[in-house]
DNA sequence: GTTATTAATTGTTAAAATCGATTGATGTAT
DNA sequence: ATACATCAATCGATTTTAACAATTAATAAC
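Below you can see the structure in the form of structure tokens.
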């Protein structure tokens with residue numbers, strides 16, 4: 001079964017509309033002989049006469065008319081395909097599905113979403129908040145295009161670009177003995193009163209490695225930084241918060257005091273990651289650059 | 298501006314659906330390398346990445362998905378085109394636009410329409426009644442596909458096939474002196490009482506040539522055989538009628554008597570004519586054969 | 001009769017499509 | 001770890017196709 005070609009249909013349509021091989025050929029930017037034989041080819045492959053030719057006029061057969069009508073549709077869709085692809089060529093005009101981990105999302109997004117929209121008006125961001133491991137899986141399956149993670153994190157086979165760095169602070173209840181220090185060192189931390197996020201949050205792992213690895217036995221596992229902060233405010237213990245969170249209304253809490261950590265200051269790096277093969281790889285670099293710029297400013 | 302080819306779109310659709318170059322190639326009956334390069338060709342001509350390839354999986358980009366969707370439509374229309382043309386290949390399945398002259402139509406059509414429909418159930422006949430000259434013009438312009446005319450008539454450049462022959466009879470009022478003869482000869486005809494159809498009807502010309510050419514001065518010009526017969530019934534004169542009309546209810550008229558003409562019997566031939574270039578030329582022969590068969594029976 | 005117009009035809013060349021075989025990268029099983 | 005299997009890209013060779021320029025045959029117009 002031989003499918004017609006778009007070119008054949010294009011030629012047929014031109015002849016049906018102009019009723020003239022020569023003019024049709026001109027419109028299609030080919031010679032009359034090229035057009036003529038292309039249409040003959042179409043006729044024999046379909047096994048049907050599409051045009052009645054006399055030396056003086058060209059008359060489409062009913063079948064020829066019907067097929068020309070279908071050809072019109074096909075041509076229209078073809079132009080539509082070209083339109084579709086040329087639209088998608090502008091940088092950051094596609095929908096970008098971005099995953100962000102829960103300990104970054106609430107602090108970073110309010111800060112960057114508006115400026116991002118101003119910088120790339122055609123960009124449509126779809127946000128997904130999930131833990132690092134889940135985001136990795138969704139990234140690999142193509143469900144999302146990129147993710148903002150906290151490093152260190154194993155990101156083999158992903159392209160990765162840093163967008164910023166932030167140190168950890170210690171949050172403690174108002175009047176806690178620790179508040180007497182301007183800077184807290186790892187040794188000062190009361191392991192027995194340390195509050196951590198539940199399993200799966202990378203902030204938990206980063207905090208644990210700051211305090212000396214698996215020795216830590218966290219007393220309580222909060223499911224979000226919000227709950228954790230509330231616990232601290234009620235005097236249940238102390239915890240780590242990322243620097244970005246300091247500006248959050250959450251930490252304007254009257255009953256919480258914050259102290260930086262001593263040198264070497266523990267910190268985490270934030271990075272945008274994506275599949276190295278991603279069709280958006282060029283856009284990803286642009287996006288990461290913009291994010292880095294917004295983090296500094 | 299380069300249009301995609303249907304083949305490229307077909308290959309793309311296969312890959313998007315199967316997520317596998319090898320299987321897609323198999324489905325399309327080509328080698329993997331053929332399919333692979335065809336899709337690369339499509340991508341570069343559109344200037345857009347349509348697929349993300351890793352060694353282990355193939356992931357369509359959003360643009361790739363959209364274009365595959367359009368490809369699906371185009372493929373569907375293409376198959377439709379093939380369907381359209383193969384449908385039109387059955388003999389006499391198209392619409393056939395048939396012109397018939399007014400002195401044949403009312404006598405022939407009642408006789409043949411039903412049997413024709415039984416013989417070619419898929420045939421859709423569109424009937425047009427008009428004078429020979431008009432039919433010729435409409436035939437040439439492609440407005441109709443074929444016509445039933447009475448010969449002799451100049452039919453240059455048209456294909457032509459006889460479907461029957463009929464002699465002329467003379468219709469006269471009941472009790473007319475002429476009724477005493479069993480057969481009428483041309484010389485017997487009362488020229489001053491001869492009623493003819495108006496200009497343009499070929500029956501008029503045939504009648505005139507029977508009576509000796511342009512010598513005839515017809516007293517009255519009827520616009521249809523029906524009026525003419527009524528005139529005869531009212532004793533206004535005599536006229537010619539074609540043999541086929543004898544069976545018509547029109548001539549069961551009580552006040553009309555009919556007589557055949559003497560040897561050499563004047564007659565007319567009926568023929569189906571069509572453009573020699575007509576896409577229906579094969580069908581026309583079939584149709585003419587059938588008509589001839591029905592005329593005899 | 002001559003000329004102009006038109007589509008088909010012919011012969012040639014350039015472009016492309018396709019294939020088979022190979023490569024390089026990547027998982028999977030032992 | 002190592003060998004094996006899988007997969008898409010790549011390469012080189014061959015066939016097929018598309019396109020053109022020039023010509024021909026048929027027709028209409030003058």
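Residue numbers (my numbering), protein chains in the order written: chain E, 1 to 297; chain L, 298 to 594. Virtual Cβ for every residue (Gly too), placed ideally from N, Cα, C.
In the DSSP assignment, the alpha helix (DSSP H) including residue 435 of chain L goes from what residue to what residue? What you label residue 435 of chain L is simply residue 138 of the second chain in a count that begins at 1. It spans 429 to 437 - the alpha helix (DSSP H) in which residue 435 of chain L sits, taken as one unbroken run.
Could you check where the alpha helix (DSSP H) with residue 71 of chain E kicks off and where it finishes? One-based indexing of the first chain puts residue 71 of chain E at position 71. That run of the alpha helix (DSSP H) goes 62 to 87.
DSSP on residue 33 of chain E, reduced to helix/strand/coil? One-based indexing of the first chain puts residue 33 of chain E at position 33. Residue 33 of chain E: helix per DSSP, three-state reduction.
Using a Cβ-Cβ cut-off of 7 Å (strictly less than) and excluding sequence neighbours within five positions of residue 592 of chain L, which residues of its own chain qualify? Sequence index remark: in the second chain, residue 592 of chain L carries index 295 (1-based). Result list for residue 592 of chain L: 460, 461, in chain order.
Give me the subset of the stretch 91 to 125 of chain E whose CB atoms are less than 8 Å from a CB atom of chain L, sorted by chain position. 94, 95
Answer with buried or exposed for residue 177 of chain E, where buried requires no fewer than 16 other C-beta atoms within 10 angstroms of its C-beta. Translated into the one-based positions of the first chain, residue 177 of chain E becomes position 177. Its Cβ having fewer than 16 others within 10 Å, residue 177 of chain E is exposed.
Counting along the chain, where does the beta strand (DSSP E) carrying residue 299 of chain E start and finish? This structure cannot settle anything about residue 299 of chain E, because the visible part of chain E is limited to 1 through 297.
Less than 8 Å between CB atoms is the rule here; does residue 336 of chain L satisfy it with respect to chain E? The residue you call residue 336 of chain L lines up with position 39 of the second chain. No, residue 336 of chain L lies away from the interface with chain E (no Cβ there is under 8 Å from its Cβ).
Note down, in chain order, every chain E residue with its Cβ under 9 Å from the Cβ of residue 371 of chain L. Taking the second chain and counting its residues from 1, one reaches residue 371 of chain L at position 74. Per Cβ cutoff of 9 Å: 6, 73, 74, 77, 78, 81.
Report the three-state DSSP secondary structure of residue 56 of chain E (helix, strand or coil). Numbered from its first residue, the first chain carries residue 56 of chain E at position 56. Three-state result, residue 56 of chain E: coil.
Is it the case that the Cβ atoms of residue 322 of chain L and residue 328 of chain L are separated by a distance below 8 Å? Working through the second chain from its first residue, we reach residue 322 of chain L at position 25. Working through the second chain from its first residue, we reach residue 328 of chain L at position 31. Yes, the Cβ-Cβ distance between residue 322 of chain L and residue 328 of chain L is below 8 Å.
Any chain E beta carbon closer than 8 Å to residue 539 of chain L: Here residue 539 of chain L corresponds to residue number 242 of the second chain, with the count starting at 1. So, not an interface residue.
Is there a Cβ of chain E sitting closer than 8 Å to that of residue 300 of chain L, yes or no? Walking along the second chain from the start, residue 300 of chain L turns up at place 3. Cβ-Cβ to chain E under 8 Å: yes for residue 300 of chain L.
Helix, strand or coil for residue 518 of chain L, going by three-state DSSP, please let me know. Numbered from its first residue, the second chain carries residue 518 of chain L at position 221. Strand.
Taking 7 Å as the limit between beta carbons, can you name the residues of its chain near residue 625 of chain L, skipping five residues before and five after? Residue 625 of chain L falls outside the range modelled here, since chain L spans only 298 to 594, and no answer is possible.
Residue 244 of chain E: which of E:101, E:167, E:188, E:116 sits nearest, CA to CA? Here the question's residue 244 of chain E lines up with position 244 in the first chain. The candidate whose alpha carbon is nearest that of residue 244 of chain E is E:167.
Residues of its chain near residue 376 of chain L, where Cβ-Cβ distance is below 6 Å and the 5 sequence neighbours each way are ignored: Taking the second chain and counting its residues from 1, one reaches residue 376 of chain L at position 79. Here the set comprises nothing.
How many angstroms separate the CA atom of residue 481 of chain L from the CA atom of residue 557 of chain L? Position 184 of the second chain, counted from the first residue, corresponds to residue 481 of chain L. Position 260 of the second chain, counted from the first residue, corresponds to residue 557 of chain L. Cα to Cα, residue 481 of chain L sits roughly 6 Å from residue 557 of chain L.
For the beta strand (DSSP E) containing residue 161 of chain E, list its first residue and its last residue. Numbered from 1 along the first chain, position 161 holds the residue referred to as residue 161 of chain E. Its beta strand (DSSP E) spans residues 158 to 173.
Kindly list the residues whose CB is nearer than 6 Å to the CB of residue 276 of chain E, restricted to its own chain and excluding five residues on each side of it in sequence; keep chain order. The count along the first chain starts at 1 and reaches residue 276 of chain E at position 276. Counting only Cβ-Cβ distances below 6 Å, and skipping sequence neighbours, we find 159.
Provide the residue(s) that pair with residue 557 of chain L in DSSP beta bridges, ordered along the chain. Taking the second chain and counting its residues from 1, the one referred to as residue 557 of chain L is at position 260. The partner list for residue 557 of chain L (beta bridge, DSSP) reads L:466.
Under a three-way DSSP split, which group does residue 336 of chain L fall into? Your numbering for residue 336 of chain L matches position 39 in the second chain. Helix at residue 336 of chain L.
Provide the residue span of the alpha helix (DSSP H) that contains residue 409 of chain L, from first to last. One-based indexing of the second chain puts residue 409 of chain L at position 112. That run of the alpha helix (DSSP H) goes 402 to 416.
Pull up the distance between the alpha-carbon of residue 343 of chain L and that of residue 299 of chain L, whole angstroms please. One-based indexing of the second chain puts residue 343 of chain L at position 46. One-based indexing of the second chain puts residue 299 of chain L at position 2. Taking the straight line from one Cα to the other gives about 8 Å.
Run through DSSP, which three-state label would residue 45 of chain E get? By one-based count along the first chain, residue 45 of chain E stands at place 45. Of the three classes helix, strand and coil, the one that applies to residue 45 of chain E here is helix, per DSSP.
Classify residue 497 of chain L as helix, strand or coil using the three-state DSSP reduction. Residue mapping note: residue 497 of chain L aligns to position 200 of the second chain, counting from 1. Coil, per DSSP.
Which residues of chain L have a Cβ atom closer than 7 Å to the Cβ of residue 54 of chain E, listed in chain order? Counting from 1 along the first chain, the entry for residue 54 of chain E is found at position 54. What residue 54 of chain E touches in chain L: 574.
Beta-carbon separation of residue 59 of chain E and residue 51 of chain E under 8 Å? Position 59 of the first chain, counting from 1, holds the residue named residue 59 of chain E. Position 51 of the first chain, counting from 1, holds the residue named residue 51 of chain E. Yes, the pair counts as a contact, with Cβ atoms nearer than the cut-off.
Which two residues bound the contiguous alpha helix (DSSP H) that contains residue 27 of chain E? Counted from its first residue, the first chain places residue 27 of chain E at position 27. Segment 21 to 27, the alpha helix (DSSP H) holding residue 27 of chain E.
Helix, strand or coil: which one does DSSP assign to residue 143 of chain E? As a working note, residue 143 of chain E is residue 143 in the first chain. Coil.
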